[in-house]
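Going by our numbering, the first residue of the sequence shown is number 60, and it counts up by one from there.
The next block holds one structure in the form of C-alpha cells; read it before the comments.
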Amino acid sequence: MIDTKTIKELLELMVEHGLSEMKLKDGEDQIVLRKGPSGAQVVMAAPMAIPHHPMAGASVLPGSSVVSAAVGEPKEDDGLAPIKSPMVGTFYATPDPESSPFVTLGSEIDVNTTVCIIEAMKVFNEIKAEVAGVIERILVQNEQAVEFGQPLMLVRPRK
C-alpha cells in the first residue's frame with residue numbers, strides 16, 4: 060500500500076514542478092494525484108472493492124483532499140444496465156456548482172438524457188445515458204476521478 064508519507068512527498072513534488080497530474084503504480088496499488096481549482100486530490104485504486112470514504116488518519120498538504128475510490132464493477136444483476144464512463148477524467152453531477160444535478164435517484168431518463176459531465180484535460184464532455192429507464196444507483200461522487208469503462212450509474216431499463 061502506498062503510505063501517506065509518500066503521498067505527501069508526491070504532492071510536494073507536484074507543487075515544486077508545477078504539475079497538474081501525476082500517476083504512480085506500485086504493484087497492484089495505483090495512485091493518481093490531480094490538482095484542480097479546489098486544490099490537490101488524491102485517488103487511490105485497489106484491486107478489490109472498498110467503500111468510498113476519506114482515509115482515516117491521513118496527513119496531506121493544507122488545501123488538499125484525500126479520496127478513496129473502489130475499483131471493480133458492481134454486479135449487473137437485477138436487470139440493471141450500467142452507464143459507463145467513456146473516458147478517464149473527473150465526474151461532475153451538475154453543469155456548474157450552483158445548479159441541480161443532471162439526474163438523481165429515481166430520475167426517468169431516455170437515451171439522449173445528459174446524466175453527467177466528465178472533464179478531461181480541461182474539456183467538459185456531456186455524457187448521454189444511451190439507455191432509457193430509471194436511475195437506480197449512482198456509483199460515483201461529484202468531482203471523483205473516473206476511469207475508462209467504470210460504471211457511473213445503474214439504470215432499470217424500460218421494458
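Even glycine gets a Cβ: it sits at the ideal position worked out from N, Cα and C.
Cβ-Cβ distance between V174 and P216 below 7 Å: no
For G192 and A140, believed in contact at Cβ under 8 Å, the rounded distance: 7 Å
Sequence-distant residues of its chain with Cβ nearer than 8 Å to L164 (five each side left out): I194, E195, R196, I197
Run of the beta strand (DSSP E) containing E157, from where it starts to where it stops: E157 -> no beta strand (DSSP E), and no H or E assigned at all.
H76 versus L69 - alpha carbon distance: 11 Å
Residue nearest to M73 in terms of C-alpha spacing, selected from M180, F161, R93: R93
Spatial distance of E206 from E71 (CA atoms): 25 Å
Where the beta strand (DSSP E) through N184 begins and ends: 182-187
Separation of N201 from L211, as counted between CA atoms: 11 Å
Rounded distance between the beta-carbons of M146 and A179, thought under 8 Å: Yes, A179 and M146 are in contact; Cβ-Cβ is about 5 Å, under 8 Å.
Unbroken beta strand (DSSP E) run spanning A140, endpoints: 140-143
Contact set for N171: own chain, Cβ-Cβ below 8 Å, skip 5 residues either direction: If we look at N171 and ignore the five residues flanking it on each side, its Cβ neighbours are K187, A188.
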